[in-house]
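Worksheet: one structure, shown below.
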Ligand code: GLC
Ligand code: CA
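In structure tokens, the structure reads:
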């Protein structure tokens, strides 16, 4: 196994629009991030993954780029970006940018050219097809945000493909010139001193077949995932991308990927693969139903959650690493996903923190997670800004759900749950901005905010800080960062437990996932109590062994054991 500088890194994701507004226009920006670098430094993170800040018409908050070489005006300037990189670097923090290269904005000059005529030199930078005989879209593929993945263009009487919104046309990776332009751009950014990239929606760059697939919804369409994710040949493209760009720099890359099984997933991550890390979503998507009805709540239990977590650990074991996470900007808040409303409290929040942060892998903490931010419930659909939420809303209405049912889905799954402005204090607009924020705040900012967290030694913030310190600067660092992961109590319906082991040294994490006392029986000799979310508790009750021990509601302990 080759040692990499990032093996013990902790990564913090920033969604710039919602993080901190420095010029009081209601929109977070780069200077706002610079102002908060000391805060992040205090938390102890190593790297920031910055969701896109490139020039964009912002149909999908920057995941629709119209100029890869410019910064969106609302976020600041190229000088601000350079200053962010430099100021972060002074604090030992690296910046990872978000590489959105499956598609561009329909306002990108390439697409404006491409749609002009069939023989425009940029025509082939995108994917254009003839209509079916009946004039309809070339295939029955459903875009990820709902509706057909094809949009008809009057000008040339052909359809173009968009895996996401119609304002996000897919780039044609079969075109060599296009690929070269992308590689040039990636290197241009890497030369500015980036620490790495998070690579967006990369499963979709390879297309093949262009055939109708089995209908899997009342809309008569078929999920594009089935038709065009991870097509044969995708690895050749990705290996070329790596060879032409990433491999010439000391950086870390993490890709957003979906594949059918562990073996497939492994092909994308590791030293000999296109990316260092991949996000594997099976544990965060366990509340989603299959196919077009994915938004329907799916029943799950703790045993299944553990199975999924353990599978991920198995998939990225040995010389691979897992990207470990509960949250990101596309997911609702973890507290609401894994806990019932009435169960969310200081103990359960810390329990979730420890369970994920002590696994083997590179932890990603999403902004606000470190202070226990939770989902929001806007009464009116118009208060939601996310285009995917509106797509989902329309799709569900069409499928025959009534408004109330659909709002339940929105409350549970809208991406805006994690995009409400960062809660810095109980001041006006949570200290995020002096102007009205672009997206409404979660009203719970009065109680849940950074200022409160920093005042209280027992806060969620300091618990995260402690977990980070254990990984960065503690006698257990090696075991936590690199030790083997061995699941315990796999069929226990209430508890999560695992061992971490390196060179004969062992740590044991035991967590009560339930809001009741649960007995734990594990025959290990306890040598030391390293961490607990019940700091006031008297651990003499452990009596050196963990037999017949009653764990309090959500009690979580990290022990050194023999
Ligand atoms: C990824 C991003 C998501 C975006 C989509 C299209 O899934 O995480 O936010 O909407 O790609 O770029
Ligand atoms: Ca601003």
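Residue numbers (the numbering used here): 159 to 720. Cβ coordinates follow ideal geometry from the N, Cα and C atoms, glycine included. Here the structure is a predicted model, which means the values were calculated and not measured.
query	result
Through-space distance from residue 670 to residue 716, alpha-carbon basis	12 Å
Bridge partners - residue 684, DSSP secondary structure assignment	719
Coil, strand or helix - residue 455 by DSSP	strand
Cβ contact (3+ pairs, closer than 8 Å) linking the region 160-172 and the region 628-645	yes
Beta strand (DSSP E) runs wholly inside the region 602-656, at least 3 long, in chain order	642-646
Residues near residue 197 in its chain [Cβ-Cβ closer than 8 Å; skip 5 each side]	608
Assigned exposure category for residue 401 - 16 Cβ within 10 Å defines buried	exposed
Check: residue 260 C-beta below 8 Å from any heavy atom of ligand 1	yes
Close beta carbons around residue 159, own chain, < 7 Å, minus the five adjacent residues each side	With a pLDDT of 46 at residue 159, under the threshold of 50, the modelled position of that residue is not reliable, and the figure given next carries that caveat. Excluding sequence neighbours, residue 159 sits near 477.
Distance between beta carbons of residue 601 and residue 579, contact taken as under 8 Å	Going by Cβ atoms, the distance from residue 579 to residue 601 rounds to 12 Å, so no, they are not a contact pair.
Proximity winner among 298, 195, 272 and 216, relative to residue 249 (alpha-carbon distances)	195
Length of the line joining the Cα atoms of residue 348 and residue 405	11 Å
Identity of the residue in 336, 293, 297 and 673 nearest residue 315 by Cα	293
Cα-Cα separation between residue 172 and residue 470, rounded to whole angstroms	24 Å
Residue 276 in three-state terms, based on DSSP	coil
Identity of the residue in 518, 275, 204 and 213 nearest residue 253 by Cα	204
Pair within 9 Å by beta-carbon distance, residue 492 and residue 516	no
Unbroken alpha helix (DSSP H) run spanning residue 385, endpoints	382-386
Own chain partners of residue 508 with C-beta closer than 6 Å, once the 5 adjacent residues on each side are dropped	621 and 691
In DSSP terms, what residue 545 is bridged to	The partner list for residue 545 (beta bridge, DSSP) is empty, contrary to what the question assumes.
Beta-carbon proximity check, residue 536 vs residue 598, cutoff 9 Å	yes
For residue 389, the three-state DSSP class (helix, strand or coil)	coil
Other residues of its chain near residue 341: CB distance less than 6 Å, five sequence neighbours each side excluded	402 and 403
Burial state of residue 346, where buried means 16 or more other Cβ atoms lie within 10 Å	exposed
Classification of residue 527 by the beta-carbon crowding that lies within 10 angstroms, buried from 16 upward	buried
For residue 578, the three-state DSSP class (helix, strand or coil)	coil
Meets three-Cβ-pair contact criterion under 8 Å: the region 643-654 and the region 456-472	yes
Under the three-state DSSP convention, the category residue 429 falls into	coil
Nearest to residue 683 (by Cα), restricted to the options 665, 693 and 676	665
Opposing strand residues paired with residue 261 [DSSP bridges]	328
Cutoff 8 Å; reference residue 677; Cβ partners in own chain excluding five residues on either side	706, 707, 708 and 709
Residue 304, buried or exposed, once every other Cβ within 10 Å from all chains shown has been counted against 16	buried
Best match in 553, 503, 329 and 377 for proximity to residue 673 [C-alpha to C-alpha]	503
Near ligand 1: residue 218 beta-carbon under 8 Å from a heavy atom	yes
Beta-bridge pairing of residue 271 - partner residues as DSSP gives them	According to DSSP, residue 271 bridges with nothing at all.
Counted within 10 angstroms of its Cβ, other Cβ atoms place residue 368 as buried (16 or more) or exposed	exposed
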